[in-house]
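Enquirer:
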Amino acid sequence: MTEDNEFKVRPLTEEEANARGKRNFWLALALVAFVAMVLAITIIRLSQGTGMADGGF
Amino acid sequence: MTDQTAAPVTVPVASAKDYINLLKPRIMMLVVFTGFVGIVAAQGVTGQSVHPVMAAIATLAVAMGSGAAGAINMWYDADIDAVMTRTSTRPIPSGAVPAEEALTLGLVLSGVSVLLMWMASNWLAAALLAFSIFYYGGIYTMWLKRATPQNIVIGGGAGAFPPVIGWAVVTGSAPLDAWILFAIIFFWTPPHFWALSLLAHKEYAKAGVPMLPVTHGARATRHQIVVYTLVLLAVSLLPAVTGLGGWVYGLAAAGLGGAFLYLSVKVARTAAGDAEAGKADHKAAAGLFAYSIVYLFAVFAVLMGEHLLGVHMPVTELLS
């Protein structure tokens, strides 16, 4: 590999790094919330004894 | 051999606020509220209930679906948003959020919201939510908005689905009462939006959007506002007839609708939207626009209050 076809990575500015960090944080939080909701739905459906039969998940 | 450093890499520096704005939070509030009223009214009328956590997740799914449609709308309309002063500061035209990122967010939120809705309730509610996203993001945004002055009339259906979805969450069905709530929002949308377009018609003309004041003039628009307000007034009284709303609702709907009609007639008598329009004319149109928002919240709040507070007494029972 020659030097010409290597990707040259520009270091992020402080503003860009902060913005990326915040986005990642909120994305992680959204994923955790999604998992928590799926868990809650599953527990409620199991406790109610309902599932696909009533048109739901 | 290509020069890998030729194109500068841009890293978005958008804040959380930019992403929230992408989801059109003000519309989302209205959508969530009317969807929640659908849930409450369905429980009040049918006696069926839904687990509060499931209702909360379903309401969140409606909010996410609304946000998804908003993001898709902003992605597609970025070109005309950039032209109009009112919308030029939105996240995409301002450069805060890349257009493709907005589209991705809209599509992902669409999928997740429909999935969550299906899991928390049933296939009908999920299908209605999916269709409402498609209606706003596809039918209205990509087709109607730039094609016909009836864009707001037909497109208004997109924002009218939430109470039907809410009803379906509880019962798994969409009966007449749910569609009456749909009709209230459907007939409310044109006078609400046309009041705004009387103030912003020059912007729409500049962007090439065929809003009614642009294609048919301000006078025709003011006339249409009165016509649609009359229909809205009649439709808003239907819940009192079917028993969906009680006598308290009936009185409130008549009073609130009467005030709406008064303000729309007031606007019709002005020159709002015309070249010679003065401050008072603009003020009348702005007043109607502001009141229309209060009106919809109030009508749905009274309906919800009747069922939540246990004061719902159908007019037929009161008369017998």
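Residue numbers (the numbering used here), protein chains in the order written: chain W, 1 to 57; chain F, 1001 to 1320.
By construction, the Cβ of each residue, glycine as well, lies at the ideal position given by its N, Cα and C atoms.
Fair warning: this is a prediction, and the values are worked out from it, not measured in the lab.
#1: If you measure between the beta carbons of F:Val-1263 and F:Leu-1288, is that distance less than 7 Å?
#2: Using only the alpha-carbon positions, how far apart do F:Val-1267 and F:Val-1235 sit?
#3: Which residue comes first and which comes last in the alpha helix (DSSP H) that contains W:Phe-34?
#4: Counting C-beta neighbours from all protein chains within 10 Å, is the total for F:Thr-1104 16 or more, i.e. buried, or is it exposed?
#5: Looking at F:Ala-1082: is its Cβ nearer than 7 Å to the Cβ of F:Ser-1088?
#6: I need the boundaries of the alpha helix (DSSP H) containing F:His-1201, first residue and last residue.
#7: For a contact defined as C-beta to C-beta under 9 Å, what are the partners of F:Ile-1039 on chain W?
#8: Rounding to the nearest angstrom, what Cα-Cα distance links F:Ile-1133 and F:Leu-1319 in this structure?
#9: Can you check whether the C-beta of W:Met-1 is within less than 7 Å of a C-beta belonging to chain F?
#10: Measuring CA to CA, which of F:Ala-1125, F:Lys-1279, F:Gln-1043 and F:Trp-1188 is closest to F:Leu-1199?
#11: Put F:Phe-1161 into one of helix, strand or coil per three-state DSSP.
#12: Going straight from the alpha carbon of F:Gly-1258 to that of W:Leu-29, what length do you get?
#13: On the CB-based measure, 16 or more other CB atoms within 10 Å of its CB, does W:Leu-39 come out buried or exposed?
#14: Using 7 Å as the threshold, is the C-beta distance between F:Gly-1035 and F:Gly-1245 below it?
#15: What residues in its chain sit with their C-beta under 6 Å from that of F:Ser-1066, if we drop five residues either side in the sequence?
#16: So with Cβ pairs under 7 Å, would you call F:Val-1108 a contact of chain W?
#17: Quick check: F:Pro-1162 and F:Val-1302, are their CB atoms within less than 7 Å of each other?
#18: Do you know how far the Cα of W:Ala-17 is from the Cα of F:Ala-1285?
#19: Which word fits F:Asn-983, buried or exposed, when buried means at least 16 other C-beta atoms lie within 10 angstroms of its C-beta?
#20: Would you say W:Ile-43 faces chain F, with C-beta separation under 7 Å as the test?
#21: Looking at the structure shown, is F:Asp-1079 part of a helix, part of a strand, or coil, going by DSSP?
#22: With burial defined as no fewer than 16 other Cβ atoms inside 10 Å of the residue's Cβ, what is the status of F:Glu-1276: buried or exposed?
#23: Could you compute how far the alpha carbon of F:Ala-1271 sits from the alpha carbon of F:Pro-1213?
#24: Is F:Gly-1044 helix, strand or coil when you go by DSSP?
Expert: From the atom records:
#1: Counting from one through the second sequence, the residue named residue 1263 of chain F turns up at place 263. Counting from one through the second sequence, the residue named residue 1288 of chain F turns up at place 288. According to the sequence provided, residue 1263 of chain F is Leu. The question's Val does not apply to it. In contact: F:Leu-1263 and F:Leu-1288 (Cβ atoms closer than 7 Å).
#2: In the second sequence, counting from the first residue as 1, residue 1267 of chain F sits at position 267. In the second sequence, counting from the first residue as 1, residue 1235 of chain F sits at position 235. Distance between the alpha carbons of F:Val-1267 and F:Val-1235 is about 21 Å.
#3: Residue numbering aside, residue 34 of chain W sits at position 34 when the first sequence is read from its first letter. Segment 14-48, the alpha helix (DSSP H) holding W:Phe-34.
#4: Residue numbering aside, residue 1104 of chain F sits at position 104 when the second sequence is read from its first letter. F:Thr-1104 is exposed by the Cβ-count criterion.
#5: Along the second sequence, read from residue 1 onward, the residue named residue 1082 of chain F stands at position 82. Along the second sequence, read from residue 1 onward, the residue named residue 1088 of chain F stands at position 88. Yes. Within cutoff.
#6: Counting from 1 along the second sequence, the entry for residue 1201 of chain F is found at position 201. Run containing F:His-1201: 1176-1207, per the alpha helix (DSSP H) assignment.
#7: Counting from 1 along the second sequence, the entry for residue 1039 of chain F is found at position 39. Per Cβ cutoff of 9 Å: no residues; F:Ile-1039 is ~15 Å from chain W at best.
#8: For the purposes of this step, residue 1133 of chain F is taken as the residue at position 133 of the second sequence. For the purposes of this step, residue 1319 of chain F is taken as the residue at position 319 of the second sequence. Cα to Cα, the separation comes out at about 42 Å.
#9: Reading the first sequence from its first residue, position 1 is the one you call residue 1 of chain W. The predicted model places W:Met-1 with a pLDDT of 49, which falls under 50 and marks its position as unreliable; any figure quoted below should be read in that light. Cβ-Cβ to chain F under 7 Å: no for W:Met-1.
#10: Working through the second sequence from its first residue, we reach residue 1199 of chain F at position 199. Considering only alpha carbons, the answer is F:Lys-1279.
#11: Position 161 of the second sequence, counting from 1, holds the residue named residue 1161 of chain F. It is coil, neither helix nor strand.
#12: Within the second sequence, residue 1258 of chain F is the residue found at index 258, counting from 1. Within the first sequence, residue 29 of chain W is the residue found at index 29, counting from 1. Distance between the alpha carbons of F:Gly-1258 and W:Leu-29: 47 Å.
#13: The residue given as residue 39 of chain W occupies position 39 in the first sequence. With fewer than 16 Cβ atoms within 10 Å of its Cβ, W:Leu-39 is classed as exposed.
#14: For the purposes of this step, residue 1035 of chain F is identified with residue 35 of the second sequence, where counting begins at 1. For the purposes of this step, residue 1245 of chain F is identified with residue 245 of the second sequence, where counting begins at 1. No, Cβ-Cβ distance for F:Gly-1035 and F:Gly-1245 is not below 7 Å.
#15: Here residue 1066 of chain F corresponds to residue number 66 of the second sequence, with the count starting at 1. Met-1028 and Val-1031.
#16: Working through the second sequence from its first residue, we reach residue 1108 of chain F at position 108. So no, F:Val-1108 is outside the interface.
#17: Taking the second sequence and counting its residues from 1, one reaches residue 1162 of chain F at position 162. Taking the second sequence and counting its residues from 1, one reaches residue 1302 of chain F at position 302. No, the Cβ-Cβ distance between F:Pro-1162 and F:Val-1302 is not below 7 Å.
#18: Counting from one through the second sequence, the residue named residue 1285 of chain F turns up at place 285. Counting from one through the first sequence, the residue named residue 17 of chain W turns up at place 17. Between F:Ala-1285 and W:Ala-17, the C-alpha separation is close to 46 Å.
#19: This structure leaves residue 983 of chain F out entirely; chain F is present only between 1001 and 1320.
#20: Residue mapping note: residue 43 of chain W aligns to position 43 of the first sequence, counting from 1. W:Ile-43 does not count as touching chain F.
#21: Residue 1079 of chain F sits at position 79 when you count from the first residue of the second sequence. Helix.
#22: If you number the second sequence from 1, residue 1276 of chain F lands on position 276. Label assigned to F:Glu-1276: exposed.
#23: Here residue 1271 of chain F refers to the residue found at position 271 when the second sequence is read from its first residue. Here residue 1213 of chain F refers to the residue found at position 213 when the second sequence is read from its first residue. Rounded to the nearest angstrom, the two C-alpha atoms are 12 Å apart.
#24: Here residue 1044 of chain F refers to the residue found at position 44 of the second sequence. F:Gly-1044: helix per DSSP, three-state reduction.
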